[in-house]
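Novice: The working numbering puts the first residue of the sequence shown at 125, with every later residue one more than the last.
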Amino acid sequence: MTDVLAKFVAYTGKRLPDDVRAKIAELAAQEDAPLAKSIYETMEKNQELAMKLNRPSCQDTGAAQFLLKCGSNFPYMAEMEGILHAAVVQATAEAPLRHNAVETFDEFNTGKNVGKQIPSIFWEIVPERDDIEIHMYMAGGGCTLPGQAMVLMRPIGSHNPNPCAAQMERPLEDGTMRGCRDHKALHCVFPAGCAVVAATCVEEIVDANWLDLGMPETLWTCKVKEFGPLIVSIDSHGRNIFEENKVIFNERKEKACAEICKQVGFIK
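1) Are the CB atoms of K138 and S196 within a distance shorter than 7 Å?
2) Buried or exposed: where does N224 fall if 16 or more other Cβ atoms within 10 Å of its Cβ makes it buried?
3) State the beta-bridge partners of S244 as determined by DSSP.
4) Do Y125 and I207 have their C-beta atoms within less than 7 Å of each other?
5) Between which two residues does the beta strand (DSSP E) containing T96 stretch?
6) Apart from the five residues on each side of it in sequence, which residues of its chain come closer than 7 Å, Cβ to Cβ, to K347?
7) Put A263 into one of helix, strand or coil per three-state DSSP.
8) I'd like to confirm the pairing. Which residues does DSSP put opposite V313 in its beta bridges?
9) Return the Cβ separation of T342 and N333 in integer angstroms, given the expectation that the two are a contact with Cβ distance under 8 Å.
10) Can you tell me which of the three DSSP states F366 falls into?
11) Is DSSP giving A332 helix, strand or coil here?
12) So what does DSSP say about C304, is it helix, strand or coil?
13) Could you have a look at M292 and say whether DSSP puts it in helix, strand or coil?
14) What does the alpha-carbon distance come out to for the pair S162 and F314?
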């Protein structure tokens with residue numbers, strides 16, 4: 125059972141559900157803005173490459189969450205938590221998955237994606253049934269249900285004594301916007317979740333700094349070819365696309381949330 129579930133966990137990190145892919149394709153067909161169309165095209169290419177190359181589709185595979193609908197007579201109920209822990213450890217090595225489990229008080233990355241209450245397991249016991257239904261969700265540590273995932277995210281740059289480097293790692297801060305303006309620099313981001321496309325553009329790892337922070341927080345210097353598409357998040361005039369879009373998104377948020385809540389009952 126551990127092997128089956130490990131393959132299930134690894135597959136979850138490589139392929140989006142069919143209904144999600146269908147919705148993305150539907151939204152892509154409706155889009156006419158050049159930047160948005162480019163991002164949708166990159167997302168689709170990334171999904172194809174993830175399956176072709178057998179790699180996780182996103183650079184951050186999150187913290188595993190399992191929702192179990194378990195019959196009261198299921199014979200392996202008592203062993204399930206141990207089996208799921210072992211499956212996550214195995215999938216982390218074989219998929220591979222990003223190392224996202226940090227022991228809170230000891231402040232070290234376990235390297236196995238398991239720790240205190242990680243993975244998160246939520247139970248629903250169904251009387252008079254002897255089967256189990258398992259749903260898995262990879263929760264992003266910094267954005268999606270971080271309380272339930274219980275992932276400790278170190279502030280980027282907190283161990284770096286260089287204030288300039290720390291400042292450049294926080295692209296939304298005024299200091300970075302001012303730095304781009306004053307020094308005619310650009311701050312760019314790769315389309316989120318398109319790790320396979322990005323990885324295929326890397327020709328060589330030139331250097332790696334701050335390895336003591338663990339692989340996810342290490343600063344990697346790479347030799348790349350045709351690396352993109354890249355989104356200019358802060359331009360040489362100090363304009364910040366994230367801050368500008370935030371105003372627009374907030375104007376649309378209430379209407380969007382109201383529509384979502386009609387379909388998803390547990391969202392308040």
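For every residue, glycine included, the Cβ atom is placed at its ideal position computed from N, Cα and C.
Specialist: Quick look at the numbers:
1) Numbered from its first residue, the sequence shown carries residue 196 at position 72. Numbered from its first residue, the sequence shown carries residue 138 at position 14. It is not a contact, given that the beta carbons lie outside the stated cut-off.
2) Numbered from its first residue, the sequence shown carries residue 224 at position 100. Looking at its Cβ environment, which holds 16 or more other Cβ atoms inside 10 Å, N224 is buried.
3) Your numbering for residue 244 matches position 120 in the sequence shown. Answer by DSSP bridge pairing, in chain order: Q189.
4) Translated into the one-based positions of the sequence shown, residue 125 becomes position 1. Translated into the one-based positions of the sequence shown, residue 207 becomes position 83. This sequence places Met at residue 125; Tyr is not what is there. In this structure, I207 lies closer than 7 Å to M125 by Cβ.
5) The requested residue 96 is not part of the displayed model; the chain covers only 125 to 392.
6) Taking the first residue of the sequence shown as 1, we reach residue 347 at position 223. Counting only Cβ-Cβ distances below 7 Å, and skipping sequence neighbours, we find E327, E328 and V330.
7) Position 139 of the sequence shown, counted from the first residue, corresponds to residue 263. Three-state result, A263: strand.
8) As a working note, residue 313 is residue 189 in the sequence shown. Answer by DSSP bridge pairing, in chain order: I355.
9) Start at 1 with the first residue of the sequence shown, and residue 342 comes out as number 218. Start at 1 with the first residue of the sequence shown, and residue 333 comes out as number 209. The pair is a contact, with the Cβ atoms about 7 Å apart (cut-off 8 Å).
10) Within the sequence shown, the letter at position 242 stands for residue 366. In the structure shown, F366 falls within a helical segment according to DSSP collapsed to helix, strand and coil.
11) Start at 1 with the first residue of the sequence shown, and residue 332 comes out as number 208. Residue state, collapsed to three classes: strand.
12) Locating residue 304 in the sequence shown gives position 180, where the first residue counts as 1. Of the three classes helix, strand and coil, the one that applies to C304 here is helix, per DSSP.
13) On the sequence shown, position 168 is the one that residue 292 refers to. Confidence at M292 is low in this model, with a pLDDT of 42, below 50, so its placement is unreliable and no value can be given for it.
14) Position 38 of the sequence shown, counting from 1, holds the residue named residue 162. Position 190 of the sequence shown, counting from 1, holds the residue named residue 314. Those two C-alpha atoms are separated by around 11 Å.
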